[in-house]
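In the UniProt record's numbering, the protein residues as written are 1 to 368.
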């Protein structure tokens, strides 16, 4: 909706403001007559919700849209399943009302940068929530998450350990349906997270820990190996911990995908010790990379992979914003093409840290 408003303003840049308002009103009338939306994104442009929004299932918005907008929307929309809120400089009164009338809310995502009245929203969330995504900064105890006993996916993306307020209580809660756990950037104190994994690690299928920063923690990696035997996807840091990496592969024998910050020794360990890996995602950043992968080392890795029994093709994804990354070397690319033709590499992709397929959880929600 904001893009439509922006385009109208640009097209009618020299016209009077009242004309721009009239054009937007006519466009909205057109929507009302011809359109039934199931997804709406609106951050800045307030308008009067109408019946063409009655089938809305997905809403992305700022918290500081007018209270009237949220109140009117709450009269029309009762089956929103995905609600993605960015907390602005205040929270409109009508937003809590909108949340309270939803009968099918399954996924709640909130980005918080300011200390606002977040509890007024949290208390309205239904206990039946299955996916929860919290990121930005945090000022409320995370113990409220314990009421979501049906939670299947939890993402906490905070910059500082201090943001994990109340994790002391959350560590003891058992979530029987939890399969995906994503703790981006910073993470809680080791001892708290280890207890949480003791209670919930067995059912986890995917675990992402500190993967935005390449954080490496040997004791946590060992805890993952011990408590998460059914993982299929893992993203964590390994800093010259080859024995630890081997222990993780032995403890998590169903692993199909692993994301690591790449190093020569780590590649050797993956080729030698992994059991079911068929996807390797290598993070590379100019200030994190400890070496530049040489063609000789890359060739050695693919030879080792080719000689594995049983042989399995590999998907290789490079995530980078560095000028020294693997794909910048022509010899490396020749080697990759060689093994792609041999069928050793089934997929090769170079992307960056903003790739939606890697990080945007809304896409995952839609697919499921």
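Just so you know, even glycine gets a beta-carbon here, dropped at the ideal spot from N, CA and C. In this text, all values refer to a predicted model and were calculated from it rather than measured experimentally.
For residue 349, the CB contacts under 6 angstroms within the same chain, skipping 5 residues up- and downstream, are 317 in chain order.
The DSSP-derived three-state label of residue 347 is strand.
For the options 236, 7, 242, 226, the alpha carbon positioned closest to that of residue 253 is the one of 226.
The beta carbons of residue 171 and residue 203 sit about 16 angstroms from each other, so the pair does not count as a contact at 8 angstroms. In the structure shown, residue 172 adopts coil according to DSSP, grouped into three states.
Exposed is the label assigned to residue 104, since fewer than 16 other Cβ atoms lie within 10 Å of its Cβ. DSSP, reduced to helix, strand and coil, places residue 88 outside both helices and strands of the structure shown, so it counts as coil. Here residue 47 has 1, 24, 28, 69 as same chain residues with Cβ atoms under 8 angstroms from its own Cβ, once five neighbours each way along the sequence are excluded.
Rounded to the nearest angstrom, the Cβ distance from residue 73 to residue 98 is 6 angstroms, consistent with a contact under 8 angstroms. Apart from the 5 residues on each side of it in sequence, residue 109 sits with its Cβ closer than 6 angstroms to the Cβ of 84, 133 in its chain, given in chain order. Going by DSSP, residue 67 is part of the alpha helix (DSSP H) stretching over 67–76. Beta-bridge partners assigned by DSSP to residue 146: none are found.
When Cβ pairs closer than 8 angstroms are counted between the two stretches, the segment 242–252 is seen not to touch the segment 295–306, the count staying below three.
DSSP places residue 101 in the coil class of the three-state scheme, outside both helix and strand. Taking all protein chains in view, the Cβ of residue 17 is surrounded by fewer than 16 other Cβ atoms within 10 Å, so the residue is classified as exposed.
Per DSSP, the continuous alpha helix (DSSP H) segment holding residue 18 begins and ends at 17–34. Beta-bridge partners assigned by DSSP to residue 234: 207, 258. Scanning 232, 277, 237 for the CA closest to the CA of residue 260 turns up 237.
In its chain, beyond the 5 residues on either side, 141, 142, 143 have a beta carbon closer than 6 angstroms to the beta carbon of residue 166. CA-CA distance, residue 161 to residue 196, rounds to 16 angstroms.
Shown here, residue 112 sits in a strand according to DSSP, grouped into three states. Sequence-distant Cβ neighbours of residue 156 in its own chain, meaning closer than 6 angstroms and more than five residues away, are 134, 183.
Pairing residue 194 with residue 4, the inter-Cα distance amounts to about 48 angstroms. When only Cα atoms are considered, residue 232 and residue 201 end up about 12 angstroms apart.
In the DSSP assignment, no residue is bridged to residue 81.
By the Cβ-count criterion, residue 8 is buried, with 16 or more other Cβ atoms from all chains shown falling within 10 Å of its own Cβ.
Under the DSSP assignment, residue 283 falls in the beta strand (DSSP E) whose first and last residues are 279–284.
Residue state for residue 248 is assigned as helix, using DSSP reduced to three classes. The Cβ atoms of residue 86 and residue 63 lie closer than 8 angstroms to each other. Here residue 129 is near residue 151, since their CB atoms are less than 8 angstroms apart. For residue 190, the CB contacts under 7 angstroms within the same chain, skipping 5 residues up- and downstream, are 217, 219, 220 in chain order. Straight across, the Cα-Cα distance linking residue 181 with residue 127 is about 18 angstroms. Beta-bridge partners assigned by DSSP to residue 62: 86. Going by DSSP, residue 6 is part of no beta strand (DSSP E) but of the alpha helix (DSSP H) stretching over 2–11. Taking the Cα positions, residue 269 is about 12 angstroms away from residue 308. For residue 131, the enclosing beta strand (DSSP E) begins and ends at 131–136.
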